[in-house]
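Each residue of the sequence shown is one higher than the last, beginning at 3 in our numbering.
Shown next, in structure tokens, is the structure this report addresses.
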Amino acid sequence: MKRESKFVRKPLGNFSPFRLPFVAAIFLVLFAFASQRQLIRQPKEARSGLKVIKVIDGDTVVLSDGRTVRYIGIDTPEFGQPFYEAAKNFNRNLVENKLVDLEFDVERYDHYGRLLAYVFVRDKSGRRIFVNGEMIRNGFARTYTKPPNVKYSDLFVKLQREAMASHRGLWSVYKPTRLAVVGNKRTKVFHRPNCSLVRKISHQNLVYFQNAEKALAEGFQPCRVCQP
Ligand SMILES: [Zn+2]
3 MKRESKFVRK
13 PLGNFSPFRL
23 PFVAAIFLVL
33 FAFASQRQLI
43 RQPKEARSGL
53 KVIKVIDGDT
63 VVLSDGRTVR
73 YIGIDTPEFG
83 QPFYEAAKNF
93 NRNLVENKLV
103 DLEFDVERYD
113 HYGRLLAYVF
123 VRDKSGRRIF
133 VNGEMIRNGF
143 ARTYTKPPNV
153 KYSDLFVKLQ
163 REAMASHRGL
173 WSVYKPTRLA
183 VVGNKRTKVF
193 HRPNCSLVRK
203 ISHQNLVYFQ
213 NAEKALAEGF
223 QPCRVCQP
């Protein structure tokens, strides 16, 4: 190693060659520590220069290296749901055939094996656009807070409030229910009070909202079973 040979060639002074194994051991420990830190930090590293070759829907794309990317922290309408095409087209206009930068959170893949990422792209004037955030801000996605991948969840909630207040995209047809709903602080999902899943929520994770709109404004997403 370059560093070590330099060290040995230095004038000895009061340096004893007998200390060399000791010094080497310190280097080894430092090196091991550094590489471990690297491993811990690795999931959050940024990757750049990948091209989006296909847009699947509002929150999923395919990269030029063949991997499928699922945007973190957002959920867009599924096929057959209102605004499915609109969300897909909006996403397509942002990223299709463009180079993107990826940023990661704690988990690198979801259980479908899709790469989980925050996606950034540059517009024509070179401005950096946060794709996940833009989808929410324009009302084509809901927040989808799924711990431990919560790096930008506060921002997403803020952007969703903005989209709801301006009745953008899917919020333009949203009819807020007057019914009280029950949230789970851990999963960030909210339910109708009579949903069977409510009984499974532990006491310390229960949170009550006056209505669905209030739960959405706090970044909770509706349960797919009881659809509050
Ligand atoms: Zn439910």
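Note that CB positions come from ideal geometry on N, CA and C, so glycine has one too.
Computed from a predicted structure; not experimentally measured.
Query: Where Pro-230 falls, given that 16 or more other Cβ within 10 Å makes a residue buried; Result: buried
Query: The stretch 160-177 contacting the stretch 122-130, beta-carbon criterion three pairs below 8 Å; Result: no
Query: Of the residues Phe-192, Gly-68, Phe-222 and Thr-179, the one placed nearest Lys-160, counting alpha carbons only; Result: Phe-222
Query: Euclidean distance between Cα positions of Tyr-111 and Thr-70; Result: 10 Å
Query: Cβ shell of Gly-185 (< 8 Å), same chain only, five flanking positions each side left out; Result: Val-191, Phe-192, His-193, Leu-208, Val-209, Tyr-210, Phe-211, Ala-217, Glu-220 and Phe-222
Query: Straight-line Cα distance separating Val-152 from Glu-109; Result: 10 Å
Query: Member of Ile-76, Arg-130 and Lys-202 whose CA lies at the smallest distance from the CA of Pro-149; Result: Ile-76
Query: Lys-90, buried or exposed, once every other Cβ within 10 Å from all chains shown has been counted against 16; Result: buried
Query: Any alpha helix (DSSP H) of 4 or more consecutive residues that is wholly inside the stretch 125-195; Result: 133-139 and 155-167
Query: For Arg-72, the first and last residue of its enclosing beta strand (DSSP E); Result: 70-73
Query: Counted within 10 angstroms of its Cβ, other Cβ atoms place Val-1 as buried (16 or more) or exposed; Result: Beyond the ends of the chain as shown, which are 3 and 230, falls residue 1; an answer cannot be given.
Query: Among Val-57, Arg-226 and Val-200, the one whose alpha carbon lies nearest that of Val-97; Result: Val-57
Query: heavy atom of ligand 1 below 7 Å from Arg-201 C-beta; Result: no
Query: Length of the line joining the Cα atoms of Thr-179 and Gly-135; Result: 26 Å
Query: Integer-rounded CB distance, given that Gly-60 should sit under 8 Å from Ala-143; Result: 6 Å
Query: Exposed unless 16 or more other CB atoms sit within 10 angstroms - verdict on Phe-81; Result: exposed
Query: For Phe-92, the nearest candidate out of Pro-224, Arg-226 and Gly-141 (CA to CA); Result: Gly-141
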